[in-house]
Amino acid sequence: MAFPHRPDAPELPDFSMLKRLARDQLIYLLEQLPGKKDLFIEADLMSPLDRIANVSILKQHEVDKLYKVENKPALSSNEQLCFLVRPRIKNMRYIASLVNADKLAGRTRKYKVIFSPQKFYACEMVLEEEGIYGDVSCDEWAFSLLPLDVDLLSMELPEFFRDYFLEGDQRWINTVAQALHLLSTLYGPFPNCYGIGRCAKMAYELWRNLEEEEDGETKGRRPEIGHIFLLDRGISVSDVDFVTALCSQVVYEGLVDDTFRIKCGSVDFGPEVTSSDKSLKVLLNAEDKVFNEIRNEHFSNVFGFLSQKARNLQAQYDRRRGMDIKQMKNFVSQELKGLKQEHRLLSLHIGACESIMKKKTKQDFQELIKTEHALLEGFNIRESTSYIEEHIDRQVSPIESLRLMCLLSITENGLIPKDYRSLKTQYLQSYGPEHLLTFSNLRRAGLLTEQAPGDTLTAVESKVSKLVTDKAAGKITDAFSSLAKRSNFRAISKKLNLIPRVDGEYDLKVPRDMAYVFGGAYVPLSCRIIEQVLERRSWQGLDEVVRLLNCSDFAFTDMTKEDKASSESLRLILVVFLGGCTFSEISALRFLGREKGYRFIFLTTAVTNSARLMEAMSEVKA
Amino acid sequence: MDCYTANWNPLGDSAFYRKYELYSMDWDLKEELRDCLVAAAPYGGPIGLQSAPSCWTVLCQDRVAHILLAVGPDLYLLDHAACSAVTPPGLAPGVSSFLQMAVSFTYRHLALFTDTGYIWMGTASLKEKLCEFNCNIRAPPKQMVWCSRPRSKERAVVVAWERRLMVVGDAPESIQFVLDEDSYLVPELDGVRIFSRSTHEFLHEVPAASEEIFKIASMAPGALLLEAQKEYEKESQKADEYLREIQELGQLTQAVQQCIEAAGHEHQPDMQKSLLRAASFGKCFLDRFPPDSFVHMCQDLRVLNAVRDYHIGIPLTYSQYKQLTIQVLLDRLVLRRLYPLAIQICEYLRLPEVQGVSRILAHWACYKVQQKDVSDEDVARAINQKLGDTPGVSYSDIAARAYGCGRTELAIKLLEYEPRSGEQVPLLLKMKRSKLALSKAIESGDTDLVFTVLLHLKNELNRGDFFMTLRNQPMALSLYRQFCKHQELETLKDLYNQDDNHQELGSFHIRASYAAEERIEGRVAALQTAADAFYKAKNEFAAKATEDQMRLLRLQRRLEDELGGQFLDLSLHDTVTTLILGGHNKRAEQLARDFRIPDKRLWWLKLTALADLEDWEELEKFSKSKKSPIGYLPFVEICMKQHNKYEAKKYASRVGPEQKVKALLLVGDVAQAADVAIEHRNEAELSLVLSHCTGATDGATADKIQRARAQAQKK
């Protein structure tokens, strides 16, 4: 049932090289501070660091004790302190407080700050303002690409999303360009480039500049990856693309992410999953044979698959009954270990499924999904609105409520003023008044807005209303506002057929299209665009879509001669998500790849989901 | 006292100068002071006298410079700290003075000329004598220089008097030349250049290869090859004989190499040609002779002949050229503004553009911008036409040069051609074109660059102008805002104020009410400011919400005072819930009224709170207080959540018809649920009930449903 790759699917390049590069560079930086030293690591960097260099490697290079960077005075008594941090101002102030405290105490130590993935001038400025610029040495650990899986590279920069899409801060774009440059030096140039979105275009141009400055290096290389596709999380100004990220995920990997939060490619399964009293950290990637077969499956198939698997496993175990001594010896030495491993994984995933089921039934998941589907298709808006209201009144979950409000806003091109006010009031009453700031953020990012009937419409409206009685005028106004409601999202989903018409039940066991990742209700916009552009090898014929996305200036293609690219490499496509992508999108594209004989490689600033998206927008009391 | 001003000399109207004696002195010296070197330290310091040295030179040993000084018959070696007397080994006796000394080009050898006409030659370390020579001329020579050649064992010194030139070395005889004119010697790496008013000559040891080939009656392979080639041109069979002779000795490779090498040392193109022709001829009979040396020699000679031309006048020898490298030669040409020749050489040698043509063009451009009589337009255009997009040309360097010559406008024009914004910005800042720098930095997409400009602008402009500049550059503004948010909150406020951005100002104060303020009064005041800002922003919703929050805060404070417990910073919903859980129903209702909590919410809230308290009696009373706006299904659900089936059943009966089936299923009454569903004739409900039927107990019910279904289909 799990879809095997087509026999002609191209081989993926080996991305473990990126890990080795990062590790070697880190070791080099650590060795720059010879002798024993204590290492202060920023919390966000701990998991990525763990994937690159474990504690014993750090110890080998004379790291004595490890501390977390947090707002507490350091207890370290070491003479050399090394800080491994993201370039954030609050970290600079933390380091400054440490150094200045030492100075007051008349203590001199060596300090080294390693910025990852790069340092920013603003940080150095703060160090200078705090008067410690001369006391610390600064370095950069250009670790920007972490291979989470054979086909997934993450920059582990979740703040990219808020910084760019909310605050308009472009500083990470250069980092992306650097990462792309690194990829092209390691894996050859990309003969075909496509992109859409303001940020994608900027990143692309910066990247091109970098290549031009250092030309000659990649020229002679054979391309390993035939296509690169860059796109923004919020492609357009109206941000219809957020719909994908806001929907509940129902593909296994996405669901695990929504439920347990996959962090840096691994997940902490609590006691309710492991059915013991301990939590267990599990790496989720292609090496987990069981997971690899179910990760892209709609959740409704997973149980059936797992039980089938369990039966197969039992049968394999049972084989030993009829064995003679020699066969038994063979079995124990060769197969048993694998079977046991599989057994362990199987029981873990069954535990995870049960736990998910339990949580979902408690929240009345079916109702939720039904509401989401109604929102996507644009019917029963009133009912959905009251569902959301009830959701808020019952304080089900601040993040979930917010998510549904945003979904309603985007699919309807903004809330009608009455709902906009009442939902917000209800929300503030339920979850606290500080969310007034959250709403201000969401409005700025275009995720939760108020419908403003177009000027022309209002003009016509007022003319018409003069001609008819008051009551009729009310109806007409409704009609007009529903006309205005013919939102961008509807127009685009119609144009791109994002909501497939299905006769009868959508067969989730044998999906027909990428919509299966949302139970047959919706094809992720990003994935559909990629599919369409790859089919045409350009944006030609998609003018209307581009216009609707408000991206006429930000859709681009760049093709070079393909004579050097092998046909194999031309079926490898690197998709770059600026601002994060979801596991649902990844699953959808993996499906598309299997259908068309492509293989997709994903590069994202971070893996995201609806909760992370909403949290990024939320203002929480400090 | 009257004479006190006697030694005062007026200078102008208001100043006087005087001079008086410190000591009467007498020096214990044979010479006059004018024959001495005098050194004195300020601040009344000591005075040192030394009779003037007869000659001196600088020695360089182990990267330390020494001075060798001759005073009378003595030699002194000075370094930065000490002065020590030295004696050259094996120096002939009777020397009363040294007249000349010379250090070799490599600083390895030293020659001393004494007043007895004796020349001592030895190592510069003064530890070893190489040879000596007595020329019997006591007149001081005008110049003495070494004449040697790298890797040659021969050492010779050239001594020049007014009309006589003498080459001496480790030999009993010397070579003598007559000088017709006043001449000057220039020591070189591989010989001595001699120039006078009308001639320019080169004196050097004949190189080994040339010697081998051209020595009379030489039988060296090179000589034979040259001879063979000459005979070949004469179409004489002797050519074959010579060639055979070389080949028999197996020396053809060596012969070719000799010819190539000798060609390098020849000054006359004709001679170079015939040697190279011979080499080329010899090469024909060799199977595997690597062509590089021949090709390179041809190229080098071509370059050398070009620069040796009298129009250019750089008389380099081959060895000097190799030592100098092509890069330095090009630099020299560039310094002499011989741009076309330099470019031709680059092109001829196919040097990479970055090292070659581009670099020269850039130099040319830097020269061009200094031409003050040409307009900015024309210069910029001329430069761009020539340079175009040549890789490795830095327009910003050229612009910097233009700016250095005071041509700011030209510099800006040139910067337009610079493709890398990172290079444009620093110069623009230097030229005080900060705003242009800002837009260039933004174009570059490099936020660090933008930030650099911003800080520059911040210091350069007054606050108002700075903010105005930011206003027109959204990207820079958001960058600066981000910085302020973390580092300069007050500036952030000013920024919003400047823009009349009341919405953000309101948000700013709200944030302050959570983060900065501790006391309740302070928080309320911050919220009030926020509310005012929201009103100004015409955001009535936010203003009202903020005012509500102020009311709630005050009220929560009062509740804490009166009832104890934790109320501050709870949401309205949680405040009411806390009140109910604490049994303060009256207060809760009052609060709900004050804040106009909608009925639905209040019902949900009370329902949840009462169920949490397991106050079933109160819950029932509440359920009967009026018709539930949320229906009765939630009652059933919540009771079941608390595992109270008994209570749940009470409410199940009150659930409206649409949700009846669901409610009955919840309390586990499958049979009745089936009845209701059948009554409703609702297919969805029927399947729902069916899915709840568990094998053994509900068999009958399941059958019943199936029958009903069958009946429905019949109809």
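Residue numbers (our numbering), protein chains in the order written: chain A, 1 to 622; chain B, 1 to 715. C-beta atoms are modelled at their ideal positions from N, C-alpha and C, and glycine is treated no differently.
Measuring only the C-alpha atoms, how far is residue i from residue j?
i	j	result
K246 of chain A	L231 of chain A	According to the sequence shown, residue 246 of chain A is Leu rather than Lys. Roughly 17 Å separates the two Cα atoms.
K215 of chain B	D270 of chain B	19 Å
L436 of chain A	A445 of chain A	14 Å
F602 of chain A	A588 of chain A	12 Å
H61 of chain A	E377 of chain A	58 Å
S275 of chain A	F260 of chain A	15 Å
L91 of chain B	F177 of chain B	27 Å
F439 of chain A	I392 of chain A	15 Å
P511 of chain A	F303 of chain A	17 Å
R571 of chain A	I410 of chain A	34 Å
F591 of chain A	D574 of chain B	46 Å
W539 of chain A	L525 of chain A	15 Å
V670 of chain B	L345 of chain A	38 Å
Can you name the residues that DSSP bridges to residue i?
i	result
Y118 of chain B	B:N134
M559 of chain A	A:N192
D139 of chain A	A:I114
W8 of chain B	B:R18
F113 of chain B	B:Q100, B:I119
A710 of chain B	Answer is none; A710 of chain B lacks a bridge partner.
Quick check on residue i - is its C-beta less than 8 Å from some C-beta in chain B?
i	result
V136 of chain A	no
P433 of chain A	yes
N174 of chain A	yes
D393 of chain A	yes
I114 of chain A	no
D513 of chain A	no
Figure out for me which residue from the options has the closest Cα to the Cα of residue i.
i	options	result
P433 of chain A	B:Q482, B:Y17, B:Y367, B:M550	B:M550
F133 of chain B	B:S96, B:I175, B:Y321, B:P150	B:I175
Q32 of chain A	A:I114, A:L339, A:L66	A:I114
S56 of chain A	A:E167, A:S97, A:I27, A:K263	A:I27
L495 of chain B	B:Q487, B:A342, B:L477, B:A217	B:L477
K110 of chain A	A:K509, A:E130, A:V136	A:V136
F291 of chain A	A:E342, A:R571, A:E335	A:E342
E130 of chain A	A:L157, A:L574, A:Y94	A:Y94
L448 of chain A	A:Y431, A:S430, A:G414	A:G414
W616 of chain B	B:M121, B:G117, B:V636	B:V636
E221 of chain A	A:Y204, A:L186, A:G254, A:R198	The sequence given here places Arg at residue 221 of chain A; Glu does not occur at that position. Measuring from the Cα of R221 of chain A, the nearest candidate turns out to be A:L186.
Q498 of chain B	B:M475, B:S507, B:R519, B:L470	B:L470
Taking residue i as part of the alpha helix (DSSP H), name the residues at either end of that continuous run.
i	result
V661 of chain B	657–666
L276 of chain B	269–283
L789 of chain B	Nothing about residue 789 of chain B can be reported from this structure: the residues present for chain B run from 1 to 715 only.
Against chain A, does residue i count as a neighbour if the rule is that its beta carbon must be under 8 Å from one of theirs?
i	result
S358 of chain B	no
M475 of chain B	yes
R350 of chain B	no
R587 of chain B	no
A611 of chain B	no
R407 of chain B	no
L479 of chain B	yes
How is the beta strand (DSSP E) around residue i delimited, first residue to last?
i	result
L67 of chain A	The sequence shown places Tyr at residue 67 of chain A, not Leu. Residues 63–69.
K281 of chain A	280–283
G191 of chain B	191–196
W146 of chain B	143–147
W56 of chain B	55–61
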